[in-house]
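Enquirer: Protein chains in written order, with the working numbering: chain A, 449 to 683; chain B, 449 to 683.
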DNA sequence: CGGTGCGTTGATGTTGCTCAAAGGATGTGG
DNA sequence: CCACATCCTTTGAGCAACATCAACGCACCG
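In structure tokens, the structure reads:
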């Protein structure tokens, strides 16, 4: 119990650089909770009073679109923290968190966390870093979504995965259904696009989530081809 | 000169709560710069070594879409700061900043700013707050963009402005061109949608950017009408 | 004034959403 | 261990929304 609490604290990048003693203090403030796959951890509209730290498992964060569709925002894995937004602004949650697998989470009270920030400025810096990078990826996502072309979005995403994995064998980190939502399209369209790529020999799908990239150049072409469609004459 | 520096520091929410003396220190670290309307303040890809604080005027932040289109991210006005991302992660800029009007900006060196954060934990908290709320609006934007329907996006945006202004007379904070980009659509579509609303008597446009909301209820209808379109039979 | 960029409107084509139906994959309980 | 339920995935067909192209009116600026 206490050990799993300790695990949490020592896991998270925002804490794990602290001295033994300081960590101990934090451990005392934290609580451990478990959720089964599919359980909702919090709902949009609920008021936020905690910092959640994912200790074990995977959590999916999503919103509901104005028009009622589920919009996948991101996944959180071991070491990630969430609930950060309302920690400072006293707002309500504006998104949902659902356990994608069985999950263990450590929880710290809002007020306690704020005190920690005052006590240990270094923590603030870590949190800042994390928020910055999260903001960055959110803005990147925005930029991708407004690329009208679903094909380009899919292609970009594949390239992104290649970069992350560092090889041409990639695994989708979520179901195609969720991925479609993340990319701002539908399951059907995503499925068609991938099948299309496969037919043209750009990729090879195996199993549910494994994709082998065969012709990177061709895929890059797609991304950079905003006016190929104009007419083949002009360029 | 020095007075305009001081203005900057006392303007920004992240600093203006500090003691006179502390501010003085900060003033010493800052520099003032001016840009003419249309000038680029920084470009995507340039490395980031400064915190910019907008003192006077308006700045537009945008990215270039994978497909080469301009994607409007946000505007920054007096008191807002930017350049925050790379301040912590040592990255390159991933967006462009362009002066929408003549602009005065205060600049602080990256390293100096980091020192400030260590010295005054309260600053970190302010920055955290700001980043949080920025992240929130980015995620909201994501959620809106993936609402396939441009009409809904336009309607939502109008309602948002009404909330902000607190009245039914609203001013667009940017050109329709930029707004279209922000909403992930084109000038033409935006123009048509607005004309459409006007024809149905929901709104009244006057001048370039002034809009009077007449029938809020109708507009709210649009937003919540994900399956009205099924068949006209239902209404 | 001519020039440049923004805003509007019209016509046309295409992407990708919707609905529908059926084939895997996975899991649950008998 | 099998039968059944559920969820994810794939494929098909039709249609509406929206991007694109094009042309013109309008404002702002030198």
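Using N, Cα and C, we set each Cβ at its ideal position, and we do this for glycine too.
Which residue wins for smallest C-alpha separation from residue 580 (chain A), given the options B:485, B:648, B:530?
Expert: Ranking the options by Cα distance to residue 580 (chain A), first place goes to B:530.
Enquirer: Quick one, which residues of the segment 556-585 of chain A are near chain B if we go by CB-CB under 7 Å, in chain order?
Expert: Correct list: 565, 566, 569, 572, 573, 575, 576, 577, 579, 580, 581, 582, 583, 584.
Enquirer: Nearest to residue 554 (chain A) by CA position, among A:596, A:644, A:539, A:478, is which residue?
Expert: Per the Cα distances, A:478.
Enquirer: Should residue 592 (chain B) go down as buried or exposed, given a rule of 16 or more other Cβ atoms within 10 Å for buried?
Expert: Per the 10 Å Cβ criterion, buried.
Enquirer: Terminal residues of the continuous alpha helix (DSSP H) containing residue 561 (chain B)?
Expert: Start and end: 558-567.
Enquirer: Counting contacts by CB-CB distance shorter than 8 Å, is residue 677 (chain B) in contact with chain A?
Expert: Low per-residue confidence applies at residue 677 (chain B): pLDDT is 41, beneath 50, and the placement is therefore not dependable enough to give any value.
Enquirer: Looking at the C-beta of residue 463 (chain B), does it have a partner C-beta in chain A at a distance below 8 Å?
Expert: No, residue 463 (chain B) lies away from the interface with chain A (no Cβ there is under 8 Å from its Cβ).
Enquirer: So, for residue 632 (chain B): in the same chain, excluding its five sequence neighbours on each side, which residues have a beta-carbon less than 6 Å away from its beta-carbon?
Expert: Closer than 6 Å at Cβ, skipping near neighbours: 593.
Enquirer: Indicate whether at least one CB of chain B lies closer than 8 Å to the CB of residue 527 (chain A).
Expert: False, the Cβ-Cβ gap to chain B never drops below 8 Å.
Enquirer: Under the rule that 16 or more other beta-carbon atoms within 10 Å means buried, what is residue 611 (chain B), buried or exposed?
Expert: It counts as exposed.
Enquirer: Report the option in B:504, B:476, B:462 whose CA atom is closest to the CA atom of residue 482 (chain B).
Expert: Here the closest residue by C-alpha is B:504.
Enquirer: Helix or strand or just coil, what does DSSP make of residue 522 (chain B)?
Expert: Note: residue 522 (chain B) maps to strand in three-state DSSP.
Enquirer: What did DSSP end up calling residue 552 (chain B) once you bin it into helix, strand or coil?
Expert: Of the three classes helix, strand and coil, the one that applies to residue 552 (chain B) here is strand, per DSSP.
Enquirer: Taking 7 Å as the limit between beta carbons, can you name the residues of its chain near residue 470 (chain A), skipping five residues before and five after?
Expert: Cβ neighbours of residue 470 (chain A) beyond the five flanking positions: 568.
Enquirer: When you check each C-beta in the segment 630-655 of chain B against every C-beta of chain A, which residues fall closer than 7 Å?
Expert: The residues in question are 632.
Enquirer: Which residues does DSSP list as the beta-bridge partners of residue 544 (chain A)?
Expert: DSSP lists A:510 as partners of residue 544 (chain A).
Enquirer: Which residues in the same chain as residue 677 (chain B) place their Cβ atom closer than 7 Å to its Cβ, once the five residues preceding and following it in sequence are excluded?
Expert: Interpretation of residue 677 (chain B) is limited by its pLDDT of 41, a score under 50 that renders its predicted location unreliable; no figure is taken from the coordinates.
Enquirer: Measure how close the beta-carbons of residue 491 (chain B) and residue 541 (chain B) come, nearest whole angstrom, since I'm counting them as under 8 Å.
Expert: Right, their Cβ atoms sit about 7 Å apart.
Enquirer: State the Cα-Cα distance for the pair residue 589 (chain B) and residue 623 (chain B), rounded to the nearest angstrom.
Expert: Their backbone Cα atoms lie some 18 Å apart in a straight line.
Enquirer: Is there a Cβ of chain A sitting closer than 8 Å to that of residue 502 (chain B), yes or no?
Expert: By this cut-off, residue 502 (chain B) is not an interface position.
Enquirer: Let me see if you follow: with CB-CB separation under 8 Å, is residue 593 (chain A) close to chain B or not?
Expert: Yes, residue 593 (chain A) counts as interfacial toward chain B.
Enquirer: Are the Cβ atoms of residue 556 (chain B) and residue 466 (chain B) separated by less than 8 Å?
Expert: No.
Enquirer: How about residue 525 (chain A) and residue 502 (chain A): do their beta carbons lie closer than 8 Å?
Expert: Yes. Within cutoff.
Enquirer: Between residue 641 (chain A) and residue 597 (chain A), what straight-line distance do the alpha-carbon atoms span, to the nearest angstrom?
Expert: C-alpha separation (whole angstroms): 11 Å.
Enquirer: Where do the N-terminal and C-terminal ends of the alpha helix (DSSP H) with residue 653 (chain B) fall, by residue?
Expert: No alpha helix (DSSP H) contains residue 653 (chain B), which is instead part of the beta strand (DSSP E) from 651-654.
Enquirer: Name the chain A residues that come within less than 9 Å of residue 669 (chain B), Cβ to Cβ?
Expert: Those do not exist, as residue 669 (chain B) stays about 12 Å from chain A at its closest Cβ, beyond 9 Å.
Enquirer: Could you tell me which residues DSSP puts in a beta bridge with residue 500 (chain A)?
Expert: Its beta-bridge partners are A:530, A:555.
Enquirer: Could you check if residue 619 (chain B) is buried or exposed, using at least 16 other CB atoms within 10 Å of its CB as the buried criterion?
Expert: Exposed is the call here.
Enquirer: What residue does the beta strand (DSSP E) around residue 660 (chain B) start on, and which one ends it?
Expert: It spans 658-661 - the beta strand (DSSP E) in which residue 660 (chain B) sits, taken as one unbroken run.
Enquirer: Can the beta-carbon of residue 661 (chain B) be found closer than 8 Å to that of residue 587 (chain A)?
Expert: Not a contact, by the Cβ cut-off of 8 Å.
Enquirer: So, is the C-beta of residue 604 (chain B) closer than 8 Å to a C-beta in chain A?
Expert: Closer than 8 Å to some Cβ of chain A, the Cβ of residue 604 (chain B) qualifies, so yes.
Enquirer: Applying a beta-carbon distance threshold of less than 9 Å, which residues of chain A neighbour residue 521 (chain B)?
Expert: Result: 587, 590, 591.
Enquirer: Go to residue 470 (chain B), then tell me how far its alpha helix (DSSP H) extends in each direction, as first and last residue.
Expert: 468-477 is the extent of the alpha helix (DSSP H) around residue 470 (chain B).
Enquirer: Select from B:506, B:512, B:528 the residue whose C-alpha is nearest the C-alpha of residue 464 (chain B).
Expert: Checked all of B:506, B:512, B:528; the closest Cα to residue 464 (chain B) is B:528.
Enquirer: Of all the CB atoms in chain A, is at least one closer than 8 Å to the CB of residue 552 (chain B)?
Expert: No, residue 552 (chain B) lies away from the interface with chain A (no Cβ there is under 8 Å from its Cβ).
Enquirer: Helix, strand or coil: how does DSSP classify residue 481 (chain A) here?
Expert: It is a strand residue.
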